[in-house]
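Protein chains in written order, with our numbering: chain E, 1 to 263; chain R, 264 to 526; chain C, 527 to 811; chain H, 812 to 1096.
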Amino acid sequence: MSTDLHCTTSELLSVLLARDLCDGEKAIVGTNSDVQVAACNLARNMHAPTLWWVSGPGGMVNADDGVIRPTADHRNLACCEAVMDLPQMIDFIDWEIHFFDFAILGALQIDRFGNINTVCVGPHSKPKLRGPGTVGIAALTALSKRFYVVMPKHHRGAFVERVDFLNGPGHLDGGTTRTDRGLPAGGPKLVVSNLGVFDFEPSTKRMRIISLHPGVTVDQVQANTGFEMLVEGAPPVTMAPTAEEMQILRQKVDSTGVLRSAA
Amino acid sequence: MSTDLHCTTSELLSVLLARDLCDGEKAIVGTNSDVQVAACNLARNMHAPTLWWVSGPGGMVNADDGVIRPTADHRNLACCEAVMDLPQMIDFIDWEIHFFDFAILGALQIDRFGNINTVCVGPHSKPKLRGPGTVGIAALTALSKRFYVVMPKHHRGAFVERVDFLNGPGHLDGGTTRTDRGLPAGGPKLVVSNLGVFDFEPSTKRMRIISLHPGVTVDQVQANTGFEMLVEGAPPVTMAPTAEEMQILRQKVDSTGVLRSAA
Amino acid sequence: MSKIKSISEAIDVIKPGMTVATGGWIFNAQPMALVREIVRKEIKHLTLIPAPGSIAPDMLIGAGAVKTTGCIFISFEQFGLAPNFRKAAETGSIGILEMDGPAIAGGLRAGACDLPYGLIPDMCTDLPDVNPEYYQPVQSAPGERRMLKVPAIKPDVVLLHAQQADELGNVQYRAPVFFDILMAQAARHVIVSVDRIVSHETVRKSHALTRLPSAFVDAVVEAPFGAHPTVSAGFYDLDEKHIADYVKASADASAFDEYLSSYVRKCAGPAEYHKKIGSPAFLDA
Amino acid sequence: MSKIKSISEAIDVIKPGMTVATGGWIFNAQPMALVREIVRKEIKHLTLIPAPGSIAPDMLIGAGAVKTTGCIFISFEQFGLAPNFRKAAETGSIGILEMDGPAIAGGLRAGACDLPYGLIPDMCTDLPDVNPEYYQPVQSAPGERRMLKVPAIKPDVVLLHAQQADELGNVQYRAPVFFDILMAQAARHVIVSVDRIVSHETVRKSHALTRLPSAFVDAVVEAPFGAHPTVSAGFYDLDEKHIADYVKASADASAFDEYLSSYVRKCAGPAEYHKKIGSPAFLDA
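This is the structure in structure tokens:
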């Protein structure tokens, strides 16, 4: 598929996310976040020049010299507008005001209500697979106005009926359970994978197909998903990255080709 | 009296305090604190080279270029070792660990148990005299290992039976009431005024005379104090500032003569 | 998307009855240009939450803009007690919410985090007696350290003064930030006056000075000498004569009214005020 | 009163059963020289509270020094999952206190303030189910935002790595400080390794870099390449080959023992380790 679009999955996901980000929005980006940084800086170089993002760990604001680095990397200091300390940043993530418009996250598992898991597969006391842990994920998924989930490998073990460990609240048990349990409205907006783009049906909050990448079928998605994915009619084909998007991404955002050398 | 000692009251009080400060101790100094800064930097220039002090408002650590300035003055940035932010500093003032060894404070009123008042004389709802307020005083008196009180004008309205408003806890109602009510041991160690030096009797925690400045009598102190000051025997005369102390104070600590032009 | 606004437009968000915080510290960075605009617009019935301050809260109180003020510390230091605050307190003409540093820090932090309250140690003072709303008891377990609850402080608007900002609203400080950052986090609307506007390139080159990133700022007002007569670090020092004149004028109602007329009501804004005080230049210009 | 200590003397304060925190962030400033000394001294039964980390907690776990570890985030990022942490978790050979960023920040801040606990928002996760000690319910008023109590975290010792310090213990960072400062506030004993010792004059001239003033520091250990194979800002970058070799060695018990023998047990201290990795020079030397 990457050859069809003349881009890698990481590049495709960066472009798809960038399109959904708006001018003037505020975002927080976690650790190990090449796609997230690329999406924010691509949007800033296209339609959202005052989109504002901060590195969760390092606190550097709007770092951009055309090179994608780990967000905690001290070299981002040289190309940022400000630096915020970590405990201060944790304080900022508020509730009804939702200081952050969006966050972008990866996960070991996501379920049909958009809850995510980065802690463990199997029981916590005796996991089959032990993941890295939670760090800011609970706060970002619970308290940003919306969040995106990046799943570069769409398979049944990653798209599950119910996450084995819920450390990133999506729509909890679906319907209105998220707000019933005291979390602000919002939650997961889009999930982007190597197969397609997905959102959540407004009333049940179940995951559904928005578009499929070129060559991908509904059956293929269902076969690789551990729950019944909602489908309304015949989903459209994902709009491929434009020449302009790819040019700006490769020349102004990721000039050293970090995303090209990734998957 | 200032002519006897060839120094102003501010200089005398700075010297008396400096003598009681120890090497390696940690201190926090409030706003409008010329005497406090002078005491710390004089001690650092004499017997306590690693005494460590921080400006409460400005956060500048060990600022010293031989000029006494308000502790919040940005010019102290140029001659400090570090700068700490204010909210972070407030967090530091802890309880059983007592991060700060000592604080030095002024007051509108002090009572016989060393409680202090900087809020109001008379009832709070209709004060005869409205003072500036509390800021860090409650935390510093409650939580430093010990504190000093500087009272340049010793009179009955300032040394009172009971403070009209208690916003700086000393020994509360005397005896063990301070620790009974959950505050750490410690409290006021010395009070220095234009008449003498005072401490607190270990069991009752009542204020008593340690020494009287040259020419001052016990009767004079009692006449200017609104409660019965404890006296044990005939109090000694306060040791006058030495030539060395005065030379270092004027040449290395207060080279522009801020304390000389004060009272 | 420039955040630069005229002073009139910026202050128009403040309505009678709102809670307004002011930043700085005693004679440092009092947001005087913004305060003068409030007086000029005759906005009244404000609840004031001043960081430890001097002429900013004192002038607002003296001009009758304040119904209730928080008091952490309001002082004129070497010039004595705050004259209008003192008078208002002694005559009982305003309400006073007596607070200390930990209470305002804890309350602002709870406000920033949008938690209902924060926790601070119980320091056994009389403050809870006179301000029971801001110091509430906490049930403590046996042997547990005694604490007090402090409710979240969320000012409707905060007024700050800093040295410079870019058009995007990145605000730079050449001085300590005191409670400014915490207040900006907790407040719902952040207005900053700055002595000068600089380019975005300047901000990126000196990013370490950017203590208030643009995302926290709603309006930037260009106001050279906007902190006068208090200090703006590196740009101008304390105008001691002006402070002394202010204190003197404050002793008498008609003299104070004349002061306000001359320095506030007759100056349409920061540019006119700057002329009125003799068009001084910045120290580091 | 110099705070400079030999690495052996500095680490001697750590006793079996103590709670030890480590600073830095994933591949940044892991206090590896100090960690290696713990392994060398065969100190066991530690409770570990690592800031989001990589090889520092992973090596301590792999070497059998850890009874229970907090887990905020332990990851080898582009190199995969943390190999020894993962193995220990999957075999159940260590206890895991699952925590998130707000819980550790709230707990450390409560520790620094010496309050019994702090408050954080209830984010409706499964974390309280598996770590009920660190996430306790709070009785909330009707309509009030739901919160959780997090008990104070007060590590007995914290291990940090920074770029430079003076003899007095003023520690300077040329990088973000992550949780380092908060950990130093909360910990009862603070040990910092630095790549180089500088003069007190250097510190005064560059005071803005002093993020840990001397009063917060108990011991400074001179350890050039003390964060290796992780990054020390401006001095050396991530040694990717070393990390990859470590991950590979970790797949097999005897290969991992050989790694520890070669890079830890046979190197008496930082100087020998520096030789062992080929005596590289600082980038900015």
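All residues carry an ideal CB built from backbone N, CA and C; glycine is no exception.
Only a predicted model underlies this, so the values are computations on that prediction, with no experimental measurement involved.
Measure the alpha-carbon distance for L21 (chain E) versus A43 (chain E) and round it to whole angstroms. By one-based count along the first sequence, residue 21 (chain E) stands at place 21. By one-based count along the first sequence, residue 43 (chain E) stands at place 43. One alpha carbon belongs to L21 (chain E), the other to A43 (chain E), and they sit about 7 Å apart.
Quick one: list the residues of chain C neighbouring D73 (chain E), beta-carbon separation under 8 Å, in chain order. Counting from 1 along the first sequence, the entry for residue 73 (chain E) is found at position 73. Under the 8 Å cutoff, chain C gives no residues; its nearest Cβ is about 15 Å from D73 (chain E).
Cβ atoms of P927 (chain H) and F896 (chain H): under 8 Å apart, would you say? Position 85 of the fourth sequence, counted from the start, is the residue given in the question as residue 896 (chain H). Position 116 of the fourth sequence, counted from the start, is the residue given in the question as residue 927 (chain H). Taking 8 Å as the Cβ cut-off, F896 (chain H) and P927 (chain H) do not qualify as a contacting pair.
Exposed or buried, D91 (chain E), counting other C-beta atoms within 10 Å across all chains shown (16 or more means buried)? Locating residue 91 (chain E) in the first sequence gives position 91, where the first residue counts as 1. D91 (chain E) should be labelled buried.
Please classify C80 (chain E): does DSSP put it in a helix, a strand, or coil? Translated into positions along the first sequence, residue 80 (chain E) becomes position 80. Coil.
Between the Cα of A840 (chain H) and those of H:G922, H:A1082 and H:T1041, spot the shortest distance and give me the residue it belongs to. Along the fourth sequence, read from residue 1 onward, the residue named residue 840 (chain H) stands at position 29. Per the Cα distances, H:T1041.
Suppose only complete runs of 4+ residues qualify. What are the alpha helix (DSSP H) ranges in the segment 566-630 of chain C, listed by chain order? Counting only unbroken stretches of 4 or more residues, the alpha helix (DSSP H) elements lying wholly within the segment 566-630 of chain C are 581-588 and 609-617, in sequence order.
Where L786 (chain C) falls: helix, strand or coil (DSSP): Working through the third sequence from its first residue, we reach residue 786 (chain C) at position 260. Under the three-state reduction of DSSP output, L786 (chain C) falls in the helix class.
Which residues in the same chain have their Cβ closer than 7 Å to the Cβ of A38 (chain E), if we skip the five residues on either side of it in sequence? To locate residue 38 (chain E), count along the first sequence from 1; it is residue 38. Once the five neighbours on either side are set aside, the close Cβ partners of A38 (chain E) are S14, I68, L249, V253, D254 and L259.
When burial is assigned at 16 or more other CB atoms within 10 Å of the CB, is E274 (chain R) buried or exposed? Reading the second sequence from its first residue, position 11 is the one you call residue 274 (chain R). Answer is buried; the Cβ neighbour count reaches 16.
Going by CA-CA distance only, name the one from E:T31, E:Q222, E:T179 and E:H74 that's closest to L195 (chain E). For the purposes of this step, residue 195 (chain E) is taken as the residue at position 195 of the first sequence. For the residues E:T31, E:Q222, E:T179 and E:H74, the minimum Cα distance to L195 (chain E) belongs to E:Q222.
Suppose contacts are defined by Cβ-Cβ distances below 8 Å. Is A749 (chain C) in contact with A559 (chain C) by that definition? As a first step, residue 749 (chain C) is located in the third sequence; it is residue number 223 there, counting from the start. As a first step, residue 559 (chain C) is located in the third sequence; it is residue number 33 there, counting from the start. Cβ atoms of A749 (chain C) and A559 (chain C): closer than 8 Å.
What distance in whole Å lies between the Cβ atoms of D692 (chain C) and H726 (chain C), which are believed to be in contact at a cut-off of 8 Å? In the third sequence, counting from the first residue as 1, residue 726 (chain C) sits at position 200. In the third sequence, counting from the first residue as 1, residue 692 (chain C) sits at position 166. Yes, they are in contact, since the Cβ atoms of H726 (chain C) and D692 (chain C) sit about 5 Å apart, within 8 Å.
Can you tell me which of the three DSSP states Y772 (chain C) falls into? Within the third sequence, the letter at position 246 stands for residue 772 (chain C). Correct three-state label for Y772 (chain C): helix.
Length of the line joining the Cα atoms of D286 (chain R) and H337 (chain R): In the second sequence, the residue the question calls residue 286 (chain R) occupies position 23. In the second sequence, the residue the question calls residue 337 (chain R) occupies position 74. So the alpha carbons of these two residues sit roughly 27 Å apart.
Given a cut-off of 8 Å, decide if V969 (chain H) and A821 (chain H) are closer than it, judged by their beta-carbon atoms. By 1-based counting over the fourth sequence, the position of residue 821 (chain H) is 10. By 1-based counting over the fourth sequence, the position of residue 969 (chain H) is 158. A821 (chain H) places its beta carbon 8 Å or farther from that of V969 (chain H).
Spell out whether any CB of chain R is found under 8 Å from the CB atom of P583 (chain C). In the third sequence, the residue the question calls residue 583 (chain C) occupies position 57. Taking Cβ atoms only, chain R never reaches closer than 8 Å to P583 (chain C), which makes this a no.
Alpha-carbon spacing of T439 (chain R) relative to V454 (chain R), whole angstroms: By one-based count along the second sequence, residue 439 (chain R) stands at place 176. By one-based count along the second sequence, residue 454 (chain R) stands at place 191. Between T439 (chain R) and V454 (chain R), the C-alpha separation is close to 20 Å.
Own chain, CB closer than 6 Å to E848 (chain H), minus 5 neighbours either side, in chain order: Position 37 of the fourth sequence, counting from 1, holds the residue named residue 848 (chain H). Excluding positions up to five away in sequence, the list reads I818 and I822.
Cutting at 6 Å between CB atoms, please list the residues of its own chain near G329 (chain R), excluding the five before and the five after it. Here residue 329 (chain R) corresponds to residue number 66 of the second sequence, with the count starting at 1. Same-chain partners within the cutoff: K515 and S518.
Answer yes or no: does any C-beta atom of chain C fall closer than 8 Å to that of K309 (chain E)? The shown model of chain E, from 1 to 263, leaves out residue 309 (chain E), and the question about it has no answer.
My parser needs the beta strand (DSSP E) runs of 3 or more residues fully inside the segment 463-519 of chain R; what are they? 470-475
Could you have a look at P1081 (chain H) and say whether DSSP puts it in helix, strand or coil? Within the fourth sequence, the letter at position 270 stands for residue 1081 (chain H). Helix at P1081 (chain H).
So, for A638 (chain C): in the same chain, excluding its five sequence neighbours on each side, which residues have a beta-carbon less than 8 Å away from its beta-carbon? To locate residue 638 (chain C), count along the third sequence from 1; it is residue 112. Taken in chain order, the residues that qualify are L708, Q711 and A712.
Which residues, in chain order, does the segment 281-302 of chain R contribute to contact with chain H at a C-beta distance below 9 Å? D286, G287 and K289
Where the beta strand (DSSP E) containing A745 (chain C) begins and where it ends: By one-based count along the third sequence, residue 745 (chain C) stands at place 219. That run of the beta strand (DSSP E) goes A745 to E748.
Distance, Cα to Cα, K852 (chain H) vs T141 (chain E)? Here the question's residue 852 (chain H) lines up with position 41 in the fourth sequence. Here the question's residue 141 (chain E) lines up with position 141 in the first sequence. Their Cα atoms are separated by approximately 42 Å.
Can a CB atom of chain C be found closer than 8 Å to the CB of P1040 (chain H)? Position 229 of the fourth sequence, counted from the start, is the residue given in the question as residue 1040 (chain H). P1040 (chain H) does not count as touching chain C.
Are there 16 or more other CB atoms within 10 angstroms of the CB of E81 (chain E), so buried, or fewer, so exposed? As a position in the first sequence, residue 81 (chain E) is number 81, starting the count at 1. E81 (chain E) is buried by the Cβ-count criterion.
Can you find the residues in the same chain that come closer than 7 Å, C-beta to C-beta, to V1075 (chain H), ignoring five residues on each side of it along the sequence? Within the fourth sequence, residue 1075 (chain H) is the residue found at index 264, counting from 1. R847, V850 and R851.
Does H1000 (chain H) get closer than 8 Å to chain R when you measure Cβ to Cβ? Counting from one through the fourth sequence, the residue named residue 1000 (chain H) turns up at place 189. Cβ-Cβ to chain R under 8 Å: no for H1000 (chain H).
Can you list, in chain order, the residues of its chain with a C-beta nearer than 6 Å to that of H1053 (chain H)? Leave out the 5 residues immediately preceding and following it. Here residue 1053 (chain H) refers to the residue found at position 242 when the fourth sequence is read from its first residue. Sequence-distant partners of H1053 (chain H) (beyond 5 residues in either direction) whose C-beta falls short of 6 Å from its own C-beta, in its chain, are P1040.
So which residues on chain H does G186 (chain E) lean against when the C-beta distance must stay under 7 Å? The residue you call residue 186 (chain E) lines up with position 186 of the first sequence. Neighbours of G186 (chain E) on chain H: none; closest Cβ ~13 Å, over 7 Å.
Quick test of the definition: if touching needs 3 or more C-beta pairs under 8 Å, does the segment 600-615 of chain C touch the segment 625-633 of chain C? no
Sub-8 Å separation of P350 (chain R) and N295 (chain R) beta-carbons: Looking up residue 350 (chain R) in the second sequence gives position 87. Looking up residue 295 (chain R) in the second sequence gives position 32. Contact flag unset, no.
Where the alpha helix (DSSP H) containing L86 (chain E) begins and where it ends: As a position in the first sequence, residue 86 (chain E) is number 86, starting the count at 1. First-last of the alpha helix (DSSP H) with L86 (chain E): L86 to F92.
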